[in-house]
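Chains as they are written, first to last, in the numbering used here: chain A, 1 to 275; chain B, 1 to 104. Even glycine gets a Cβ: it sits at the ideal position worked out from N, Cα and C. Every value quoted in this text rests on a predicted model; they were computed, and no experiment measured them. Just below is one structure, and these are the notes that go with it.
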Amino acid sequence: MARKPLKAAPAASDDRQDRTRRFLGTRALARVERARVLVIGVGAVGNEVAKNLALVGVRRLTLVDPDTVELSNLNRCIFFREGDVGRRKVHVARRALRAAAPATEVVAIARPIQQAPEEVWDADVVALCVDDELARYYVNARLLGMRRPIPVVNGAMGRTWAEATVLVPGQTACLVCLWSQEYQRAVLGEEVRRKCDAFFQGARVKFPTISVLTSLVGAVSSTEVVKLLANSPEELPPAVGKRLRYDVRRHELVVQEIVPNPQCVDAMCRRRRGV
Amino acid sequence: MSDSPNQAEIFVDVEPANKTFRIRVENATTVADLVNAILERCEADGINVRRWARDRVGRENVSLVLMRKAQSNAALPPTIEFGRLEPVVQPDERFSLDATAIVG
């Protein structure tokens, strides 16, 4: 009887995801590849998060950001070049992602998240990379209104630290549980001022930062997104309900629990948690 | 709470003042009450905590947060009362004042 020739397994060097597969395992990698991630904000942190997720193997990314590339973005944004100044950030990032990770399908929405089409919310995880509290407030309200809870990873930075917060609004604390009513009023009031007075358009103070910090925020945030998607809680437990803060001054990492607010400024948060 | 049924003395580290405040809180004292008292006390000493926070997070509006150091730096919501914290606040327990990052 003629024997069937043995089929050779692909060499590790022929497998683009060989190292990722070894790290996550085949099943977890399959879950990551099937997932859909909504990335809101495609500035420096959004660049890093989108890059990391695409390289890890996420096949479906939706990028939402209305802004255009400015020269001052180039000190910390991996995807942007001088020739991109004036172009939409989401379009530039999509082009770069196609080159870096051709298997990843990227949907680019050049609008504020408040005006994005309904389909963007069909996501397994939201990566929030904005510098705008009103956008956070809106995203939080949308997530609290979802029948199926969607985890959100919120990345941000201080003067000397990077942080990522992992929440499931409606089950854990929400994105605004630590807000006071006074702060909520200030956030909403600032937006009204900016809309009403041309002087405030673009008058926001520019925050001093370097690529090291934005890379750290992106790295910690995308690590948590991957953990959520991999769904291997024993091997890679996501930091749900926690904030991870890494301070570069003394290289300190602090893991903080975010205590849910029994009188959260968002009534839906209280209702969903049965408070 | 443990000093007496209704009150406890706690320590709060306030970085911009370079000080640790010893403060007596009651069961009904909220986190926001305590933060406001610290802001007023610092202002009387010529220290502007909000300006410090603005420098740290880069925005005009800042959200100040009280961290419970003995409980893994749990970030406490402003409306919660000390008498409702779990586990019960211990005498001389340490807290710290912090600001939430905004810029992503």
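Beta-carbon spacing of residue i, residue j below 8 Å
{"i": "residue 259 of chain A", "j": "residue 75 of chain B", "result": "yes"}
{"i": "residue 29 of chain B", "j": "residue 82 of chain B", "result": "yes"}
{"i": "residue 152 of chain A", "j": "residue 144 of chain A", "result": "no"}
{"i": "residue 49 of chain B", "j": "residue 156 of chain A", "result": "no"}
{"i": "residue 97 of chain B", "j": "residue 25 of chain B", "result": "no"}
{"i": "residue 252 of chain A", "j": "residue 241 of chain A", "result": "no"}
{"i": "residue 133 of chain A", "j": "residue 187 of chain A", "result": "yes"}
{"i": "residue 39 of chain A", "j": "residue 129 of chain A", "result": "yes"}
{"i": "residue 103 of chain A", "j": "residue 36 of chain A", "result": "no"}
{"i": "residue 109 of chain A", "j": "residue 138 of chain A", "result": "no"}
{"i": "residue 66 of chain B", "j": "residue 34 of chain B", "result": "yes"}
{"i": "residue 77 of chain B", "j": "residue 261 of chain A", "result": "yes"}
{"i": "residue 32 of chain B", "j": "residue 79 of chain B", "result": "yes"}
{"i": "residue 85 of chain A", "j": "residue 64 of chain A", "result": "no"}
Bounding residues of the beta strand (DSSP E) (the contiguous stretch that carries residue i)
{"i": "residue 26 of chain B", "result": "19-26"}
{"i": "residue 13 of chain B", "result": "7-14"}
{"i": "residue 89 of chain B", "result": "Per DSSP, residue 89 of chain B belongs to no beta strand (DSSP E) and is neither H nor E."}
{"i": "residue 76 of chain B", "result": "74-76"}
{"i": "residue 81 of chain B", "result": "Element bounds for residue 81 of chain B: n/a, residue is neither H nor E."}
{"i": "residue 107 of chain A", "result": "105-109"}
{"i": "residue 37 of chain A", "result": "36-40"}
Assigned secondary structure, residue i (DSSP; H/G/I helix, E/B strand, else coil)
{"i": "residue 14 of chain A", "result": "helix"}
{"i": "residue 3 of chain A", "result": "coil"}
{"i": "residue 29 of chain A", "result": "helix"}
{"i": "residue 30 of chain B", "result": "strand"}
{"i": "residue 23 of chain A", "result": "helix"}
{"i": "residue 190 of chain A", "result": "helix"}
{"i": "residue 178 of chain A", "result": "coil"}
{"i": "residue 62 of chain B", "result": "coil"}
{"i": "residue 205 of chain A", "result": "coil"}
{"i": "residue 101 of chain A", "result": "coil"}
{"i": "residue 101 of chain B", "result": "coil"}
Proximity winner among the options, relative to residue i (alpha-carbon distances)
{"i": "residue 166 of chain A", "options": "A:43, A:47, A:243", "result": "A:243"}
{"i": "residue 180 of chain A", "options": "A:98, A:131, A:113, A:266", "result": "A:266"}
{"i": "residue 8 of chain B", "options": "B:101, B:85, B:57", "result": "B:85"}
{"i": "residue 245 of chain A", "options": "A:163, A:137, A:67, A:51", "result": "A:163"}
{"i": "residue 206 of chain A", "options": "A:36, A:131, A:196", "result": "A:131"}
{"i": "residue 239 of chain A", "options": "A:121, A:168, A:109, A:84", "result": "A:168"}
{"i": "residue 43 of chain A", "options": "A:79, A:192, A:25", "result": "A:79"}
{"i": "residue 82 of chain A", "options": "A:92, A:89, A:71", "result": "A:71"}
{"i": "residue 17 of chain B", "options": "B:77, B:38, B:60", "result": "B:38"}
{"i": "residue 74 of chain A", "options": "A:63, A:60, A:92", "result": "A:92"}
{"i": "residue 52 of chain A", "options": "A:87, A:192, A:97, A:26", "result": "A:97"}
{"i": "residue 148 of chain A", "options": "A:272, A:6, A:11", "result": "A:272"}
{"i": "residue 135 of chain A", "options": "A:3, A:66, A:268, A:230", "result": "A:66"}
{"i": "residue 27 of chain A", "options": "A:11, A:263, A:191, A:57", "result": "A:57"}
{"i": "residue 182 of chain A", "options": "A:76, A:264, A:270", "result": "A:264"}
{"i": "residue 54 of chain A", "options": "A:32, A:141, A:45", "result": "A:32"}
Element boundaries [alpha helix (DSSP H), containing residue i]
{"i": "residue 53 of chain B", "result": "49-57"}
Query - Those runs of the alpha helix (DSSP H) which lie wholly inside the segment 224-273 of chain A and span at least 4 residues - result: 267-272
Requested in this report: Just list the alpha helix (DSSP H) runs in the segment 113-175 of chain A, keeping only unbroken ones of 4 residues or longer that don't cross its boundaries, in chain order.
Outcome: 133-144
Query raised in the report: Taking only runs of the beta strand (DSSP E) that begin and end inside the segment 49-98 of chain A, which ones reach a length of at least 3 residues, in chain order?
Result: Counting whole runs of 3 or more residues, the segment 49-98 of chain A contains the beta strand (DSSP E) stretches 60-64.
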